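*Asks:* Position in the sequence shown counted from 1, then plus 5, gives you the numbering used here.
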Amino acid sequence: MAVARRPKETLVDLRVDLGGLGMKNPVTTASGTFAAGMEYADFVDVAALGAVTTKGVSLNGWEGNASPRIAETPSGMLNSIGLQNPGVAHLKEVELPWLAERGATAIVNVSGHSFDEYVQVIEALEEAPVDAYEVNISCPNVDAGGMTIGTDPKSVTEVVRRCRAATKRPLIVKLTPNVTDIAEIARAAEAAGADALSLINTLMGMAVDAERRRPVLARVVGGFSGPAVKPVALRLVWECHKAVKVPLLGMGGIANGTDAVEFMLAGATAVAVGTANFYNPVATVEVIDGIADYCERHGVARAADLIGALEC
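So, in structure tokens, the structure goes:
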């Protein structure tokens with residue numbers, strides 16, 4: 006049996022505060038790439054991560070989209086999973102107790118087809134061992150809810166306002182890059198009560214099978230992630246850092262410590278590792294170690310000192 010990896014010992018203070026969520030280090034998982042950690046338990050000590058962000062959960066189970074729904078691309082991947090999940094009751098009964106038993110910090114990604122469903126999911130979780138919520142208003146792979154909410158400042162304001170009224174726990178709002186002005190959306194979420202923002206969710210993309218003259222994905226389009234999206238994600242984190250005062254959780258192509266440090270310099274307080282988990286199951290721990298190595302080499306005593314330290 007594999008021995009679960011933990012970050013190496015370091016004198017660097019890796020702690021950060023993400024909108025009231027205290028994290029032992031700046032690294033979590035990107036929703037949908039790590040389930041709730043059970044599948045990775047032989048490789049990674051989930052309690053050693055800054056947090057585990059669960060796969061998106063809805064009030065009732067969602068079947069997800071038809072197959073094929075995954076496609077590899079140069080320096081990335083496309084997915085159109087469609088937020089398949091067994092529902093909030095299963096999360097409460099199985100995954101959240103498992104995370105709590107191991108001492109992991111849990112961020113639950115909340116999904117819904119409507120404003121009311123987002124609130125109902127949060128209400129169902131208020132007595133569960135949850136440390137923060139990530140409100141997913143940015144998934145490109147569902148026809149109702151998701152990105153359709155996250156592209157309009159008015160609907161962003163409404164869903165965040167309702168979720169804010171439903172909980173006192175830290176509320177992180179996940180933004181889509183598929184908008185004209187992400188700063189406008191960020192300001193709307195902040196004004197409505199978001200404690201932090203996470204970005205970016207996947208870009209919209211597609212793949213074509215030229216021999217068959219057909220799309221590769223059954224749904225035709227899907228979410229594009231992986232190393233190829235990092236320059237876009239960095240720019241959007243930098244733009245939001247200038248636009249809002251709440252902390253940011255940066256993601257998009259992060260595979261090593263240098264990637265993570267770049268996001269922190271651009272304004273992220275913490276980072277999420279996503280696609281890299283699929284080809285390197287210990288990527289999260291390697292990113293934590295990489296941040297510590299960078300700080301040690303540059304004489305940085307606190308990882309938090311990297312936040313927004315980009316010299317332009």
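From the three backbone atoms N, C-alpha and C, an ideal C-beta is built for every residue, glycine too. It should be emphasised that the depicted structure is a prediction, and the values quoted were computed from it without experimental measurement.
1) Measure the C-alpha to C-alpha separation of E98 and V115 and round it to an integer number of angstroms.
2) Using the beta-carbon count (16 or more within 10 Å), is A94 buried or exposed?
3) Using a threshold of 8 Å, state whether the C-beta atoms of V135 and V113 are closer than that.
4) Take every Cβ of the stretch 181–200, pair it with every Cβ of the stretch 123–132, and state whether three or more of those distances are shorter than 8 Å.
5) Taking the continuous beta strand (DSSP E) assigned at A277, which residues delimit it?
6) Quick one, which of A314, L222, C300 and D157 has its alpha-carbon nearest A194's?
7) Do the CB positions of K179 and E139 come within less than 8 Å of each other?
8) What does DSSP give as the partner residue(s) for T33 in the beta ladder?
9) Would you be able to state if there are at least three C-beta pairs under 8 Å between the stretch 220–233 and the stretch 81–91?
10) Out of F120, D121, A111 and H118, point me to the one whose CA is closest to A133's CA.
11) Considering Y299, what are the terminal residues of the beta strand (DSSP E) in which it resides?
12) Leaving out five residues before and five after F268 in sequence, what residues of the same chain have Cβ atoms less than 7 Å from its Cβ?
13) Near A197, which residues of its chain fall below 6 Å by C-beta distance, leaving aside the five closest residues on each side in sequence?
14) What is the rounded straight-line gap between the Cα of E68 and the Cα of L101?
15) Where do the N-terminal and C-terminal ends of the beta strand (DSSP E) with V78 fall, by residue?
16) List the residues that DSSP assigns as beta-bridge partners of D214.
17) How big is the Cα-Cα spacing for K247 and A314?
18) Among V249, G92 and C300, which has the Cα closest to the Cα of G262?
19) Is V113 helix, strand or coil when you go by DSSP?
20) On a Cα-Cα basis, can you pick out the residue from V266, G279 and A308 that is closest to S36?
21) Under DSSP, the beta strand (DSSP E) around P91 begins and ends at which residues?
22) A226 bridges to which residues according to DSSP?
23) On the three-state DSSP scale, how would you describe G150?
24) Given this structure, state the Cα-to-Cα distance separating A297 from A233, to the nearest angstrom.
25) With DSSP run on the structure shown, which of helix, strand or coil describes G313?
26) Using 8 Å as the threshold, is the C-beta distance between L96 and P252 below it?
27) DSSP three-state call for A306: helix, strand or coil?
28) I127 lies in the alpha helix (DSSP H); which residues open and close that run?
29) Exposed or buried, which one is V147 when buried takes at least 16 other CB atoms within 10 Å?
30) State the Cα-Cα distance for the pair G92 and T207, rounded to the nearest angstrom.
31) When burial is assigned at 16 or more other CB atoms within 10 Å of the CB, is Y284 buried or exposed?
32) Might you give, ordered along the chain, the residues of its own chain that have their beta carbon closer than 8 Å to the beta carbon of A149, omitting 5 neighbours on each side?
33) Residue range of the alpha helix (DSSP H) that K159 falls in?
*Replies:* Once the coordinates are examined:
1) 16 Å
2) exposed
3) yes
4) no
5) A275 to V278
6) D157
7) yes
8) A277
9) yes
10) A111
11) No beta strand (DSSP E) contains Y299, which is instead part of the alpha helix (DSSP H) from A288 to H303.
12) L239, V242, G255, I259 and V276
13) T162, V165 and R166
14) 21 Å
15) A quick correction: the sequence has Thr, not Val, at residue 78. That run of the beta strand (DSSP E) goes I75 to T78.
16) R219
17) 12 Å
18) C300
19) strand
20) G279
21) N90 to G92
22) Note that residue 226 corresponds to Val in the displayed sequence, not to Ala. DSSP output for V226 lists M211 as bridge partner(s).
23) With a pLDDT of 46 at G150, under the threshold of 50, the modelled position of that residue is not reliable, and the figure given next carries that caveat. Three-state result, G150: coil.
24) 25 Å
25) coil
26) no
27) coil
28) F120 to L130
29) Bear in mind that the predicted position of V147 carries a pLDDT of just 44, short of 50, making it too unreliable to give a figure here.
30) 22 Å
31) exposed
32) Only weak support exists for where A149 lies, its pLDDT of 44 falling under 50; the value from the coordinates is given anyway. Once the five neighbours on either side are set aside, the close Cβ partners of A149 are H118 and S119.
33) P158 to A171
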